[in-house]
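Peer 1: The following block contains the structure, expressed as C-alpha cells.
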Amino acid sequence: MSERVGYARCSPDKQDLTAQRGILLGLDVPQERIYLDHGPTGTNRDRPGLAQALAAVPAPAPSTSGGQ
Numbered sequence: 828m829s830e831r832v833g834y835a836r837c838s839p840d841k842q843d844l845t846a847q848r849g850i851l852l853g854l855d856v857p858q859e860r861i862y863l864d865h866g867p868t869g870t871n872r873d874r875p876g877l878a879q880a881l882a883a884v885p886a887p888a889p890s891t892s893g894g895q
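Its first residue numbered 828, the sequence shown is counted upward by one per residue in this note's numbering.
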C-alpha cells in the first residue's frame, strides 16, 4: 500500500476538483487516499477532508540510530 496521501480543496463558486485530483493521481497518490473538500470558504474552517487526510498520515517510526 502506498503511504502517499493527497488533499485538495476548492471554494464553492465556479471551481472544480478534477484538475487537482488528476495531479494527485499523476503523483501516484492512490484514489482511495485522496481526500477532498468542496465548498468550504476561507472563513469556514470546518474541513472534514483535511481532517481525514491528516488522520491517514502514518506516524513516524521511532528512531533507533542511537547516534547524536
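Every residue gets a Cβ at the ideal spot worked out from N, C-alpha and C, and that includes glycine.
With a Cβ-Cβ cutoff of 8 Å, do A880 and Y834 count as a contact?
Peer 2: Their beta carbons are under 8 Å apart, which means A880 touches Y834 by this criterion.
Peer 1: Restricting to Cα atoms, I'd like to know which of P885, T891, A886, R872 is closest to R836.
Peer 2: Nearest option by C-alpha distance: R872.
Peer 1: Out of curiosity, what's the CA-to-CA distance linking R831 and A878?
Peer 2: Their Cα atoms are separated by approximately 15 Å.
Peer 1: Give me the DSSP bridge partner(s) of L863.
Peer 2: In DSSP, L863 forms a bridge with A835.
Peer 1: Do you know whose CA, among T891, P857, G876, lies nearest D864's CA?
Peer 2: Per the Cα distances, G876.
Peer 1: CB L854 to CB I861, shorter than 8 Å?
Peer 2: Their beta carbons are not under 8 Å apart, which means L854 does not touch I861 by this criterion.
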